[in-house]
Amino acid sequence: MARKYSTTIVFWGTPDFAVSILEKLQEKFSVLGVITNPDEPRDRNAVLTSPPTCRAANRLGIPVYQPEKIIEENWSDLNIPAADFFVVAAYGKIIPKWTLNLPTKGAINVHPSLLPKWRGASPIQHAILNGDVETGATIILMDEKMDHGPILAQRSVKIPDTIAYPELSRILSEVSGELLVETIPKLVSGTILPKPQDDSHATFCRAFKREDGKIDWSRSASEIERAIRAFTPWPGTFTLWKRGDSRDIRLKILQGHITEELPGISSNALPGRVIVDTEHLYVVASPGFLEITLLQPEGKTPMQASAFLKGYDDINNALLH
1 MARKYSTTIV FWGTPDFAVS ILEKLQEKFS VLGVITNPDE PRDRNAVLTS
51 PPTCRAANRL GIPVYQPEKI IEENWSDLNI PAADFFVVAA YGKIIPKWTL
101 NLPTKGAINV HPSLLPKWRG ASPIQHAILN GDVETGATII LMDEKMDHGP
151 ILAQRSVKIP DTIAYPELSR ILSEVSGELL VETIPKLVSG TILPKPQDDS
201 HATFCRAFKR EDGKIDWSRS ASEIERAIRA FTPWPGTFTL WKRGDSRDIR
251 LKILQGHITE ELPGISSNAL PGRVIVDTEH LYVVASPGFL EITLLQPEGK
301 TPMQASAFLK GYDDINNALL H
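Sequential numbering from 1 applies to the sequence shown in the UniProt record's numbering.
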């Protein structure tokens, strides 16, 4: 049987990214509780749905706490157990400074980037958007500033050319969990030396909004293709097509490939112009061309470009916007 340490942890996390990390911590340490966000309405029926970490904690038999807000005066009412460490992984809200002194040995944050690069809410998406060839996981001791504390450990991960956000997030979650399990015992034993971050190399990333997914065809084909992969599934990428005299039709672009040249098509063609070649659907970017291979017309299910063109062949030479 694998060794289990006596170290106690209260875990803070919310999305799928945090689940694998929680599972690995539970295998090696005593996780006394999971703090996560409240249930939220999902889908068209507004059914209240628990966060992924809540469901995972229930499966693992770990008590769950879902406060609307973290308020110092009300903390004792939550009955959250005392622990050696707080471990934070994508909790989704700002954690107040005063909470950092509650655990006896410290508060640790796992961040899916090679800090100080991509501090903030969306490091995985920004790494893909930026065309980075490498990212990774960083474990830090938390301080009052976001993603700012001294580094305990880092591990790099190569970014494959065609990877989309869900798969890269899964990989980084696995790496983060493994790194945490290795790092915490070293921190307890005093064999690890926290290293301050170099703030002069810090870059920052913001949370995305739905409108960020609208494709700007004046961007390069490579930038647009990266956005498709980075914005899967949220906020998704889309473009608008004014079909004849009808209103704009919203087209979700789910997959695409870069094409540098098309025979007989000028590189000066208007960005957003659609070019149909038998069963292939291309759109002019600046520079390059994007071949759309999977898309979803408004009100329809996702379909291959070849199937789409059978019902929407009049899109040839249209101007998307």
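Heads up, the beta-carbon is just placed ideally off N, CA and C, and yes, glycines get one too.
Below 6 Å CB to CB, which residues in the same chain sit around residue i once its five sequence neighbours on both sides are set aside?
i: H111; result: T138, D147
i: T183; result: I139, L152, A153
i: F17; result: A90, S169, S173
i: F11; result: L22, V31, V34, V87
i: H201; result: P116
i: I128; result: R226, R229, A230
Figure out for me which residue from the options has the closest Cα to the Cα of residue i.
i: T14; options: G120, N37, E27; result: N37
i: E260; options: S220, A202, W98; result: S220
i: F204; options: L102, I70, A121, E298; result: A121
i: K97; options: D16, G149, L129; result: G149
i: residue 359; options: D77, L25, K69; result: This structure gives no information on residue 359, because the portion of the chain shown stretches from 1 to 321.
i: I124; options: W234, A318, L78, V64; result: W234
i: Q296; options: G256, P271, L319, S266; result: G256
i: E174; options: V157, E40, T162, I140; result: V157
i: V64; options: V31, F238, I94; result: V31
i: residue 322; options: M303, V19, L320; result: Outside the modelled stretch of the chain, which goes from 1 to 321, sits residue 322, for which no answer is possible.
i: F289; options: T232, E225, S246, R155; result: E225
i: W118; options: I71, D199, L141; result: D199
i: S286; options: K186, L240, S218; result: S218
i: N101; options: E178, D77, E144; result: E144
i: K195; options: L141, A307, T239; result: L141
i: K93; options: P67, T104, D77; result: P67
i: H126; options: T232, E73, L187; result: T232
i: V274; options: A305, V19, F11; result: A305
i: K105; options: P185, M303, A269; result: P185
i: V88; options: Q197, L294, P103; result: P103
i: N317; options: G33, A307, I265; result: I265
i: residue 409; options: K242, V276, N268, D277; result: Given that the chain is displayed from residue 1 to residue 321, the structure contains no residue 409 and the question cannot be resolved.
i: D161; options: N74, G61, I258, Q197; result: I258
For residue i, does the count of other Cβ atoms within 10 angstroms reach 16, so buried, or fall short, so exposed?
i: V283; result: buried
i: T99; result: buried
i: M1; result: Because M1 sits at a pLDDT of 45, beneath the cut-off of 50, its placement in the model cannot be relied upon, and the point is left open.
i: I228; result: buried
i: P116; result: buried
i: K209; result: exposed
i: A107; result: buried
i: K28; result: buried
i: P263; result: exposed
i: E279; result: exposed
i: I71; result: exposed
i: E223; result: buried
i: G131; result: exposed
i: T135; result: buried
i: V47; result: exposed
i: G177; result: buried
I'd like the list of long-range same chain contacts for residue i, defined as Cβ closer than 8 Å, with 5 residues on each side in sequence excluded.
i: T191; result: none
i: F238; result: G213, K214, I215, R250, L251, K252, I253
i: D277; result: L262
Using 8 Å for Cβ pairs, my map puts residue i next to residue j. What's the rounded Cβ distance?
i: I315; j: I253; result: So it is not a contact: roughly 13 Å between Cβ atoms.
i: I95; j: V133; result: That belief does not hold up - the Cβ atoms of I95 and V133 are roughly 32 Å apart, past 8 Å.
i: A207; j: Y165; result: Contact flag wrong, Cβ pair sits at about 14 Å.
i: I21; j: I80; result: 19 Å between Cβ atoms; not a contact.
i: L240; j: L281; result: About 16 Å separates the two Cβ atoms, so there is no contact after all.
i: L179; j: R155; result: 5 Å
Would you check whether the ligand GDP has a heavy atom nearer than 7 Å to the C-beta of residue i?
i: I159; result: Summarising the ligand content, the structure contains no ligands, and the ligand GDP is consequently not present.
Can you give me the Cβ contacts of residue i inside the same chain, cut-off strictly under 7 Å, excluding the 5 residues immediately before and after it?
i: T49; result: D39, E40, R42
i: V19; result: P52, T53, A56
i: I171; result: V157
**Study point:** Three CB pairs or more closer than 8 Å across the segment 103-121 and the segment 54-64
**Key:** No: the two stretches stay apart, fewer than three of their Cβ pairs being nearer than 8 Å.
Point to revise | Three or more C-beta pairs below 8 Å linking the segment 5-14 and the segment 77-91 | key: Because the criterion of three Cβ pairs below 8 Å is met, the segment 5-14 and the segment 77-91 touch.
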